[in-house]
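Some notes on the structure that comes next.
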Amino acid sequence: MLAIRFFLIIFSPNNIRSGPGAYLPRFFHRPIKNVHQTHPSPKETCMKGNTKARTPREYVNGLPAPRRSELAELNKLIQKTTGLKPMIFYGMIGYGKFHYKYVSGREGDWVSVALASRKNYISLYACMTNNNGYIAESYKSKLPKASIGRSCVRFKRLADVDLKVLAALLKENHKGFKAKKARKEA
């Protein structure tokens, strides 16, 4: 009885379409969005929100007061430790752009270090690896209040992490970046 009622509801004259795809009830037809029109390009957005900043200074100055000073301090630390110039890259502050190419043929551009302000935390991306895996993961025990996953170090406040440990992580990451560039040039 229930099956008959279901059939009558689905295939009632109000739910049937004519033309292409007429054999399917109306609720099976969903409007198809043009992905290229609804989503801006990756360089116009960041991973978890939009930024209109064109320079790292604009990015930092556009943040609320406590976060602004913390990111400014981290920006100085990264520049001092690595010597790399900051730029806006995929909605974050990036340092040390490089080109990668996988064996599969996929290729693209990325950065050695990136810094981003998220809603609930600050993200520091140290994207280089060594023989043991991602460099950032090897600092889990030295940064207990930070959440570390692969290349991302997340923390709520700058006071939650030891700046000397972050500087050591950045130096080791930069060493891996220089080695990668040397291999590519050779």
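Using my numbering, you'd call the opening residue of the sequence shown number 2 and step up by one each time.
Ideal Cβ placement from N, Cα and C applies to all residues, glycine included.
As the structure is a computational prediction, the values presented were derived from the model and not from experiment.
Of the residues Gly177, Lys120, Val114, Ala147, the one whose Cα lies closest to the Cα of asparagine 133 is Gly177.
Counting the other Cβ atoms within 10 Å of the Cβ of histidine 175 gives 16 or more, which makes it buried. Pairwise C-beta distances place the segment 118-128 in contact with the segment 151-170, as three or more of them are shorter than 8 Å.
If the five residues before and after glutamate 108 are omitted, its C-beta is found closer than 8 Å to the C-beta atoms of His100, Tyr101, Lys102, all from its own chain and listed in chain order.
When the alpha-carbon of lysine 98 is set against those of Trp111, Leu78, Lys172, the nearest one is in Trp111. Counting of Cβ neighbours within 10 angstroms places alanine 137 among the buried residues, the total reaching 16 or more. If you check the CB distance, asparagine 76 and proline 87 come in under 8 Å. Close CB contacts of leucine 64 within its chain, under the 8 Å cut and outside five residues either way in sequence, are with Leu72, Ser118 (chain order). Within the same chain, Cβ atoms closer than 7 Å to the Cβ of serine 152 are found at Tyr126, Ala127, Cys128, Tyr135, Ala137, the five residues on either side in sequence being excluded. Taking a C-beta distance under 8 Å as the contact criterion, isoleucine 94 and leucine 116 qualify as a contact pair. DSSP assignment within the segment 82-146 yields the following whole beta strand (DSSP E) runs of 3 residues or more, N-terminal first: 87-90, 93-102, 108-118, 123-127.
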